[in-house]
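Asks:
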Amino acid sequence: MTVYAFTDGASRGNPGEAGIGIILKDEQGIILRRLSGFLGKATNNIAEYSALLACLKVAGETGCSRLVVHSDSELMVRQLKGEYRVKDATLKKYFEKAHNLLQSAPFTFQIKHVPREQNREADQLANLGIDSKRPLSTVVVDHEDRAGGNQLP
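Under this note's numbering, the first residue of the sequence shown is numbered 50, with each subsequent residue one higher.
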């Protein structure tokens, strides 16, 4: 099964209060999981990587054989594709964590850059994480979406 993920990290100030948002959908576009969490103080790039790391952990729980991640962070996407070097020492730690998780992941991985407009739901969840001040483990599930079968764009 292929799972499609939409991830976003938000930071109000840079650094500032930060949060993450993640949506996982199945092949029919039905929402499997929605996650929102508060990070505390972080940069926008740390927030983006934190969203990806949480996504990789949760995706493993779905039993998927393939994960396709959509992110509006051009920097992170290009770094993970090997197109950009990771220069910042702190960011490099997050990059290495992602790389290590992917090495042992039970699924194949693909990452795509998408315009911000195509990532609005994940952005809303990231901002909810900041507003709610709830920890990363908070899961927001909307059963109507699950039953209604929201479709992939």
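Just so you know, even glycine gets a beta-carbon here, dropped at the ideal spot from N, CA and C. Fair warning: this is a prediction, and the values are worked out from it, not measured in the lab.
#1: Just checking, does the stretch 131-138 make contact with the stretch 162-171 on the three C-beta pairs under 8 Å criterion?
#2: Identify the continuous beta strand (DSSP E) that holds Val107 and give its terminal residues.
#3: According to the Cβ coordinates, are Lys90 and Gly65 closer than 8 Å?
#4: Excluding the 5 residues flanking His192 on each side, which residues of the same chain have their C-beta closer than 8 Å to its C-beta?
#5: Put Asp75 into one of helix, strand or coil per three-state DSSP.
#6: Between which two residues does the alpha helix (DSSP H) carrying Glu169 extend?
#7: Looking at the structure shown, is Ala154 part of a helix, part of a strand, or coil, going by DSSP?
#8: Determine whether the beta carbon atoms of Arg83 and Ile72 lie at a separation below 8 Å.
Replies: Taking the geometry as given:
#1: no
#2: One-based indexing of the sequence shown puts residue 107 at position 58. Where Val107 is concerned, there is no enclosing beta strand (DSSP E), although the alpha helix (DSSP H) it sits in stretches over 93-110.
#3: Counting from one through the sequence shown, the residue named residue 90 turns up at place 41. Counting from one through the sequence shown, the residue named residue 65 turns up at place 16. Taking 8 Å as the Cβ cut-off, Lys90 and Gly65 qualify as a contacting pair.
#4: As a working note, residue 192 is residue 143 in the sequence shown. Bear in mind that a pLDDT of 39 at His192, under 50, signals an unreliable position, so the model cannot answer this.
#5: Start at 1 with the first residue of the sequence shown, and residue 75 comes out as number 26. Asp75 falls in the coil class under three-state DSSP.
#6: For the purposes of this step, residue 169 is taken as the residue at position 120 of the sequence shown. Looking at the sequence provided, one finds Arg at residue 169 rather than Glu. Residues 169-181.
#7: The residue given as residue 154 occupies position 105 in the sequence shown. Reduced to three states, the DSSP call for Ala154 is coil.
#8: As a first step, residue 83 must be located in the sequence shown, where it is residue number 34. As a first step, residue 72 must be located in the sequence shown, where it is residue number 23. In contact: Arg83 and Ile72 (Cβ atoms closer than 8 Å).
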